[in-house]
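Residue numbers (numbering that gives the first Met the number 0): 0 to 692.
Okay, so here's the structure we're looking at.
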Amino acid sequence: MSSKLLWILPKSFKRLFKKANIYWCTVLGFAFYCIVINFPVKRLFFQTDQYVCFFFFFFFIFFNMIIVVFQLYIPFLLSTFEFPQVHMVKKHFNQSESKKLPKTGLLCIIPQLQLDNPEMMHFFKPVKSPFKCAKESNWIIVKDANHFMINENSTRTHGNITCNYVPFWRVSDKKIRFGKKRHNFKNGSRLLSDFFLIKCFAEDNATYENIHSAVVPTTEALNRKDKLHDEALGLNVYILGFDSISRMTFMRKMKNMYGYLRNTLKAVILEQYNIVGDGTPQALIPMLTGKTEQELPNTRKRYSTASYVNIYPFIWNEFKNAGYVTLYGEDAAYIGTFTYRMKGFDQQPTDHYMRTFYQVAESKLNKNPKFCCGSEPHHRVHFKYVEDFFTAYPVSKKKFAFQFHSAYSHDDINLIEVADLDMVKHLKFLQDGGFLNNTLLIVMSDHGNRFHKVRETQQGKLEERMPFVSVVLPPWFSKKYPEAMNNLQKNARRLTTPFDIHETLLSVLHFQNPKMGNVENRSISLFDEVPEERVCQQAGIEPHWCACHIGIEKPNNSTTAQYIAEAIVSAINNYTEPERQICVKLKLKSLEKLIMYVPDNRVMGYKSALDYDGFVPDLSAKTPTTTLHYTATLRTVPGNGLYEATVRWEKLNNQLWIDLDSISHINAFGSQPQCIIDKDYFMAKWCVCYDQL
C-alpha cells in the first residue's frame, strides 16, 4: 500500500488543492483545535506564549494537510485496485496474426439500430434540389457512345450551329494534354477521346461552352483476348460506391434506390458489414487489393522514396489480365482516394479513367453553377459514363467498372437524396437493357458519416462503422449455383468486411464449390458461408472499429476512468515527444465518457450445439472475461481537442495496451497541426502547434 501511495502522490499532488474541499478542511481543523486543545480564541491570539502559538499554528497547518490527503487518497488505500503496466504500440493487423487465434466458438452480435432513433433523426431533414443548372438542354449530345452530335432542339432554337472541338487526355494524375482545336467539327464525327471541351456559335449569336464525356472504345481493349479459366463465372462486375453513407442513412435518404435494390433487383443487403479502418482509403484498399495500406509499399507523396499507387495489386488488373475492359472513376478529383495524400498513379490504372474529366471540370467550369455541366448535374454525368461503357463495347466483351461518388455526401449528410431518383433511373437503364443479366452488381459505401455531430452520438458511432453494402446477381445465378446463393443470403447476417468483398471478386474469376469458410482466414468469399463464431479480430477489425461489442458506461470519476484518460494523453505525448519543439505537450481537460465494451453473455456462454441441426446453442460455458476494451472520449488542452480512443486491458497480466492507431481526433482541428502536416501526416491529429496558440 505504501508503495502505491508514493506512486500516486507525485502525479496527483499538483491537483491537490484543486480537488480537495479546502474550506471545510479549514473549518473542521480550526474547530478541532479550539475544542480539543480547549483554548478560547481570544487566548490563542492574545494570551498564549509566542512559541506555543507557533506550535499550534504549524499543528493546524499539518492537520489540514492530513485531512486533504485522506480526502483524496483514502479510496485508493482501502481499495484493491492495482495500476496496470502501460504498453504503447503502433501495430497493424496482418494475416499471420489471424492464424494464431484460437478457436473460441464466440458469436459476434451487431446491435439492431433504429431507423427513426430520436437521437439521430434531428440531424436529417428534407433537401430541395440545390442545382441551378442551365434550363436549356445541352447543345451537344453523344450518339452511339462515341459520335459527336448537335442537339436538334438547339438547332431549331438558335439556327445553324458551328462548334470548335478540343479533345484532352491524361498525361499523369496531375497533368493533362489538350489536343489541337478542330474548327467546325462536323456533325456525326467520331470522337477522338473520352473527354473534350466544346465551344459553339449559333446563327442568332448565342454561344455554348461546356465539357463532355463519353466512352470511346480503345483498340487495345477490343483486341484483348478472353483468358477466363473454365471455372470462372464469366460475369461483368459493376461496383457503385458512395462516400460517408451508413446503411441506416442509405435507407433514410435514398428510399427509392433502396426499395428498387431490395424489391426489384432482389439485392442481398449485408446487415453486419463492418469497416476495418478510418476513412475511404482504409475501406477501398482492402476491397480492391485484399490488404491494408500498412501492409503495402509506402505510397504517401510526402516521402521522396514513395512508390506510385500502381504498385498495389489492384483487383482490376486481375480482370484485365483475364480479358476484361476496365473502368474506374471518382467524381471529386480534389479529394481523390489515391491522390489526396498518396502519390497517385504514374500509369493510367484502367482502360477508362474519369479523374481526368473531373480535373478539368473543377478548373474550367468553376464559374458555372455548382455541381453542373451545362444542363446536367454532375451525378447524371457520372452515371452516364458507366452507361456508355456498357453500350460502347460489345456484349461479349467482359467488363469491370468501379464508380465512386463523393461530391454530394462527403461533406453533407442530407444532400445525397437529391440524386435518389436518378440513381433508380440509372439502375433501371442497366436492367432494362439486359446488362444486369450477366453482371455482379455491388452498391456500397465506404463508411458512415465521420465528422458531423451525428458521430458524437452513440448510434452515430455505430453507424460510422456499418456502411451500406448490397449484392445483386442475375436471376439465373440462384438456379445454377443454389448453394452459393444460399451462403450469400446467410452472410447477410454474418460479420463481413471489405476483405470479403475482395475475395468474392476473386471468386468471379476462380469460382470454386461453395464451402464453410475458414474462421481463421481474414478474407472469406461471400459465396462461402461465413462462420457464425467469427469475431472482429479474426476478420481483421481492430476493437476501435468493431461494432460487435456491448457497451457499459462507467463513472467518469472512477479510479479506472481517470487512469485510462491520463494514460491515453501520455501515449499521445510520448508519440509527439520527438517534435516537442513545434508540438505542444497536451494535458487532460476532462473525461467526457468512458464505455467498457464486453462480449454479450451469449458470446461468453456459447459452448456447442444442443441439437443435431445446430439450431439450439448450448450456453453453459463459463468462459472468463480476460480482456476488457474501453472506449474513452476525452478533451485535451490546449486546443480543446476531442479524442476517442480504444484501449485493451489484459486482466491476466494486468497490462494496459494503447494502440496509437486507435486514437481518433473527432472534432475539427482546423489549422492547429499546420506545422507538422507536411512532415508527418499521421501525427497531425495529435499535434497542436505552438505557433497556432
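Yeah, the Cβ is synthetic: ideal placement off N, Cα and C, and Gly gets one too.
request  = Take V40 and list the residues in its own chain whose beta-carbon comes closer than 6 Å to its own, dropping the five residues that flank it on each side.
outcome  = Unreliable positioning characterises V40 in this predicted model, as indicated by a pLDDT of 44, which lies under 50. The coordinate reading is nonetheless provided below. So no residue of the chain qualifies.
message = Quick check for students: name the residue ranges of the alpha helix (DSSP H) that lie wholly in the stretch 519 to 567, counting only runs of 4 or more.
response = none
message = Between which residues of its own chain and I500 is the CB-CB distance below 6 Å, once the five residues before and five after are set aside?
response = M286
query = Is the distance from the Cβ of Q281 to the Cβ of E294 below 9 Å?
reply = no
Reference G669, options I662, A683, H543, closest by Cα = Among I662, A683, H543, the Cα nearest to that of G669 is on A683.
Minimum C-alpha distance to N204 - residue among T156, K173, D679, I563 = Measuring C-alpha to C-alpha distances from N204 to each of T156, K173, D679, I563 identifies T156 as the nearest.
task = Evaluate S78 with the Cβ neighbour count: other Cβ atoms within 10 Å of its Cβ, from every protein chain shown; 16 or more gives buried, anything less gives exposed.
result = Only weak support is given to the placement of S78: the predicted model assigns it a pLDDT of 43, under 50, and the question is left unresolved by the model.
request  = Determine the DSSP secondary structure at A400, reduced to helix, strand or coil.
outcome  = In this structure, A400 counts as strand in the three-state DSSP scheme.
ask   = With DSSP run on the structure shown, which of helix, strand or coil describes E643?
value = strand
request  = Using only alpha-carbon positions, find the residue among L587, L508, P530 that is nearest to V518.
outcome  = With distances taken between Cα atoms, V518 lies closest to P530.
inquiry  = Less than 9 Å between the beta carbons of L435 and L232, yes or no?
reply    = no
ask   = Do V687 and V583 have their C-beta atoms within less than 9 Å of each other?
value = yes
request  = With K142 as the anchor, note down where its beta strand (DSSP E) starts and where it stops.
outcome  = 139 to 142 is the extent of the beta strand (DSSP E) around K142.
ask   = Are the beta-carbon atoms of L326 and F401 separated by less than 9 Å?
value = Yes, they are a contact pair.
ask   = With a CB to CB cut of under 8 Å and the five nearest residues on each side skipped, what residues in its chain are close to N186?
value = F147, M148, I149
ask   = Cβ atoms of L627 and L633: under 9 Å apart, would you say?
value = no
Inside the stretch 312 to 368 only - alpha helix (DSSP H) runs reaching at least 4 residues = 314 to 320, 354 to 363
ask   = Secondary structure at T630, three-state DSSP: helix, strand or coil?
value = Here T630 sits in strand by DSSP.
key: Reduced DSSP category for D203 - H, G, I as helix; E, B as strand; rest coil   = coil
query = For Y22, which residues from the same chain have a beta carbon less than 7 Å from its beta carbon, with the 5 sequence-adjacent residues on both sides left out?
reply = Bear in mind that a pLDDT of 44 at Y22, under 50, signals an unreliable position, so the model cannot answer this.
query = So, S713 versus V267, is the Cβ gap smaller than 9 Å?
reply = Residue coverage of the chain in this structure runs from 0 to 692, which leaves residue 713 outside it and unanswerable.
request  = Just the C-alpha distance for K606 and T496, rounded to the nearest angstrom, thanks.
outcome  = At K606, the pLDDT of 41 sits below 50, so the modelled position is not reliable; the number obtained from the coordinates is stated separately. When rounded, the distance between both Cα atoms is 26 Å.
request  = Note the first and the last residue of the continuous alpha helix (DSSP H) segment covering H228.
outcome  = Counting along the chain, H228 falls outside any alpha helix (DSSP H), and DSSP gives it neither H nor E.
request  = Would you kindly work out how many angstroms separate the C-alpha atoms of W685 and A667, rounded to a whole number?
outcome  = 12 Å
key: Whole-number beta carbon distance between D387 and A699, since they are thought to touch under 8 Å   = The question about residue 699 has no answer, for the chain in this structure spans 0 to 692.
request  = Return the CA-CA distance between I563 and L585, expressed in angstroms with no decimal places.
outcome  = 15 Å
ask   = If you count every other CB in all the chains shown that lies within 10 Å of the CB of R647, and 16 or more means buried, which is it?
value = buried
request  = With DSSP as the reference, label D411 as helix, strand or coil.
outcome  = DSSP places D411 in coil when its eight states are reduced to three.
Meets three-Cβ-pair contact criterion under 8 Å: the stretch 335 to 355 and the stretch 406 to 423 = no
task = Express the C-alpha separation of A560 and L590 in angstroms, rounding to a whole number.
result = 8 Å
task = Indicate whether H381 and M353 have their beta-carbon atoms separated by less than 9 Å.
result = Going by C-beta atoms, H381 is nearer than 9 Å to M353.
key: Cβ pair count under 8 Å reaching 3, the stretch 474 to 486 against the stretch 308 to 326   = no
request  = Evaluate the contact criterion for the stretch 303 to 313 versus the stretch 325 to 344: three or more CB pairs, one atom per stretch, below 8 Å.
outcome  = Using a Cβ-Cβ distance cut-off of 8 Å, the stretch 303 to 313 and the stretch 325 to 344 are in contact, since at least three pairs of beta carbons, one from each stretch, lie closer than that value.
request  = Below 8 Å on the Cβ atoms is my guess for M465 versus R246; work out the distance and round it to an integer in Å.
outcome  = 5 Å
key: CB contact flag (G373, N137, <9 Å)   = yes
Residue(s) in a DSSP beta bridge with S245 = P466
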